[in-house]
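Step one of this worksheet: look at the structure below.
There are 2 protein chains.
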Amino acid sequence: MAVKMIDVKGDILSANDMLAEGLRSRFEQAKVFVMNIMSSPGAGKTSVILRIIEALADRVRIGVIEGDIASDVDARKIEAAKVDVVQINTAGACHLDANMILGATNALGLDGKGLLIIENVGNLVCPAEFKLGEHVKVMILSVAEGHDKPLKYPLMFTESDALLVNKVDLLPYTDFDMDELRKTVIAMNPKIRIFPVSAKTGEGMDRFVGWLEQNIQGR
Amino acid sequence: MAVKMIDVKGDILSANDMLAEGLRSRFEQAKVFVMNIMSSPGAGKTSVILRIIEALADRVRIGVIEGDIASDVDARKIEAAKVDVVQINTAGACHLDANMILGATNALGLDGKGLLIIENVGNLVCPAEFKLGEHVKVMILSVAEGHDKPLKYPLMFTESDALLVNKVDLLPYTDFDMDELRKTVIAMNPKIRIFPVSAKTGEGMDRFVGWLEQNIQGR
Numbered sequence: 001m002a003v004k005m006i007d008v009k010g011d012i013l014s015a016n017d018m019l020a021e022g023l024r025s026r027f028e029q030a031k032v033f034v035m036n037i038m039s040s041p042g043a044g045k046t047s048v049i050l051r052i053i054e055a056l057a058d059r060v061r062i063g064v065i066e067g068d069i070a071s072d073v074d075a076r077k078i079e080a081a082k083v084d085v086v087q088i089n090t091a092g093a094c095h096l097d098a099n100m101i102l103g104a105t106n107a108l109g110l111d112g113k114g115l116l117i118i119e120n121v122g123n124l125v126c127p128a129e130f131k132l133g134e135h136v137k138v139m140i141l142s143v144a145e146g147h148d149k150p151l152k153y154p155l156m157f158t159e160s161d162a163l164l165v166n167k168v169d170l171l172p173y174t175d176f177d178m179d180e181l182r183k184t185v186i187a188m189n190p191k192i193r194i195f196p197v198s199a200k201t202g203e204g205m206d207r208f209v210g211w212l213e214q215n216i217q218g219r
Numbered sequence: 220m221a222v223k224m225i226d227v228k229g230d231i232l233s234a235n236d237m238l239a240e241g242l243r244s245r246f247e248q249a250k251v252f253v254m255n256i257m258s259s260p261g262a263g264k265t266s267v268i269l270r271i272i273e274a275l276a277d278r279v280r281i282g283v284i285e286g287d288i289a290s291d292v293d294a295r296k297i298e299a300a301k302v303d304v305v306q307i308n309t310a311g312a313c314h315l316d317a318n319m320i321l322g323a324t325n326a327l328g329l330d331g332k333g334l335l336i337i338e339n340v341g342n343l344v345c346p347a348e349f350k351l352g353e354h355v356k357v358m359i360l361s362v363a364e365g366h367d368k369p370l371k372y373p374l375m376f377t378e379s380d381a382l383l384v385n386k387v388d389l390l391p392y393t394d395f396d397m398d399e400l401r402k403t404v405i406a407m408n409p410k411i412r413i414f415p416v417s418a419k420t421g422e423g424m425d426r427f428v429g430w431l432e433q434n435i436q437g438r
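If you're matching them up, the sequences are chains A and B in order. Those letters in the first sequence? Residues 1 to 219, by our numbering. Those letters in the second sequence? Residues 220 to 438, by our numbering.
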């Protein structure tokens, strides 16, 4: 008789996927569109979220779930923009999982919300493996990180529906090659939408917000 | 009788620590000083390593182990600097562990080397949990990532012996507050050495290389 092997990582991922499917049904019932935002630390997730709030808050009721290993630095920024926010502290875990989102949506409440934004833990690797019941995955790459990142961290680039290339205001001071980046990313994921933006100056944010709004309405 | 719980994560970490101790003895016997470099993706690990090679390669024989999820982009840059290098592809894993380093040192060879540099996977979270038998842990934070990172990703800042604050050439174009960063980091880890540098222009690298050379000689 062959020995049965227990694949611990595989089991964790499939339990997470099942829970994520349940979350997705709950989001559908509540008519909430859910976006999962992922990036390296410091690529600009919170700044992008603040720009989305600025552009959409008068038309769509927004809720935000903030994922961090420690601290409530980001949640306090969102709260200052007068949007409902729940902070998850993962106590060391390097990504959010569906179980954490279940707890956070219970605390936040979905009633009447049109858009739920989930800010994942800053990490270009692990968050891409965990479904959270989201409708779209959006990732951010800062031009300060360099255009070679898709080759070195492929999963998030292949899993995402949209890529924001943030901090284009720093382009003149870096050797970031936007054409090279586009070529690499599109070869890996032909359907991905790429938006060069600066959350700092607001440049390019209108195109991304337009895409997001189309997705919310088309749901 | 109480149920015995199996702590899978705890077991993985303690097996890793034991293997890391074995590696450390092997490094001591071979008289190789070992530095583990960690940071977010794109903070400048490879560029810093190239500066170290430029400064030290005529006095110390150097070997490099490159850790990436995929690709050999970084290893080819090190090879071009005429230094022995081994590339580890982790096939999805978000950090290096002691077992990977055991395989890589066998492939690289330690004989005659004075300094072994291990470039970890770009990730501000998980690599901090895994000992690799190193003598010093060095982390890099790019000024483009922002000065609030220690609060959000505390473990790496408390585990590291030195912090390189890289890309200071971008300081005029960001709102990075160096004094605030120093204050936060030193409160978490009073013994850490902080070096503002630009691997691009070379600024500040002499002080860091001086510290590293003292550590190599003082071993």
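Every residue, glycine too, gets a C-beta built ideally from N, C-alpha and C.
Asked, Found
"Same chain, Cβ closer than 8 Å to Gly202 of chain A, neighbours up to 5 away in sequence not counted", "Arg51"
"Neighbour list for Ser417 of chain B in chain A, Cβ cutoff strictly below 9 Å", "Here the premise fails: no neighbours, minimum Cβ distance about 11 Å."
"Per-residue contacts from Ile69 of chain A into chain B (C-beta, under 8 Å)", "Val344, Lys371, Tyr372, Pro373 and Leu374"
"Minimum length 4: unbroken alpha helix (DSSP H) runs contained in the region 238-280 of chain B", "264-275"
"Residue environment, Lys332 of chain B, which counts as buried when at least 16 other CB atoms sit within 10 Å", "buried"
"Residues bridged to Asp303 of chain B [DSSP beta-bridge criterion]", "B:Gly282"
"Interface residues of chain B facing Leu170 of chain A [CB-CB closer than 9 Å]", "Ala363, Leu389, Tyr392 and Thr393"
"Positions along the region 222-249 of chain B whose CB lies within less than 8 Å of some CB in chain A", "Val227"
"Any chain B beta carbon closer than 7 Å to Lys149 of chain A", "yes"
"Cβ-Cβ separation, Leu151 of chain A to Ser290 of chain B (assumed contact under 8 Å), whole Å", "4 Å"
"Chain B contacts made by the region 50-82 of chain A, where a contact means CB separation under 7 Å", "Asp68, Ile69, Ala70, Ser71 and Val73"
"Classification of Val8 of chain A by the beta-carbon crowding that lies within 10 angstroms, buried from 16 upward", "exposed"
"Chain-ordered chain A contacts of Lys350 of chain B [CB-CB under 7 Å]", "None at all; the shortest Cβ gap to chain A is about 16 Å."
"Sequence-distant residues of the same chain with beta carbon closer than 6 Å to Met205 of chain A, five excluded per side", "Arg51 and Val197"
"Neighbour list for Asp386 of chain B in chain A, Cβ cutoff strictly below 8 Å", "First, the amino acid is wrong: residue 386 of chain B is Lys here, not Asp. Here the neighbours are Ala144."
"Whole-number beta carbon distance between Gly241 of chain B and Asn385 of chain B, since they are thought to touch under 8 Å", "Their Cβ separation, rounded to whole angstroms, is 32 Å, which puts Asn385 of chain B and Gly241 of chain B out of contact at 8 Å."
"Helix, strand or coil at Arg295 of chain B [DSSP, three-state]", "helix"
"Nearest-angstrom Cα separation, counted from Asp161 of chain A out to Gln220 of chain A", "Shown here, chain A extends from 1 to 219; a query on residue 220 of chain A therefore has no answer."
"Given 8 Å, three or more beta-carbon pairs between the region 326-342 of chain B and the region 179-192 of chain A", "no"
"Inter-residue spacing [alpha-carbon to alpha-carbon] between Val64 of chain A and Leu343 of chain B", "23 Å"
"Sub-7 Å separation of Pro41 of chain A and Ser259 of chain B beta-carbons", "yes"
"Min CB distance Ser258 of chain B to chain A below 7 Å", "no"
"Endpoints, alpha helix (DSSP H) assigned at Ala107 of chain A", "Ala98 to Leu108"
"Residues from the region 419-430 of chain B in contact with chain A, defined by Cβ distance under 9 Å", "Lys419"
"Distance between beta carbons of Val355 of chain B and Met254 of chain B, contact taken as under 8 Å", "5 Å"
"is_contact[Gly261 of chain B, chain A] using C-beta, thresh 7 Å", "yes"
"Simplified DSSP assignment, three categories, for Asn16 of chain A", "helix"
"Nearest-angstrom Cβ-Cβ length linking Leu170 of chain A and Ala363 of chain B, presumed shorter than 8 Å", "7 Å"
"Span of the alpha helix (DSSP H) around Val404 of chain B", "Met397 to Met407"
"Coil, strand or helix - Val197 of chain A by DSSP", "coil"
"Nearest to Ile88 of chain A (by Cα), restricted to the options A:Ala80, A:Ala98, A:Ala81 and A:Lys82", "A:Ala98"
"Straight-line gap, Val387 of chain B to Arg219 of chain A (C-alpha atoms, nearest Å)", "45 Å"
"Residues of the region 103-123 of chain A whose Cβ lies closer than 8 Å to any Cβ of chain B, in chain order", "Val121, Gly122 and Asn123"
"Distance, Leu329 of chain B Cα to Tyr173 of chain A Cα", "39 Å"
"Closest by C-alpha distance to Pro373 of chain B, when choosing among B:Ile337, B:Met397, B:Asp396 and B:Cys345", "B:Cys345"
"Met156 of chain A to Glu399 of chain B span [Cα, whole Å]", "32 Å"
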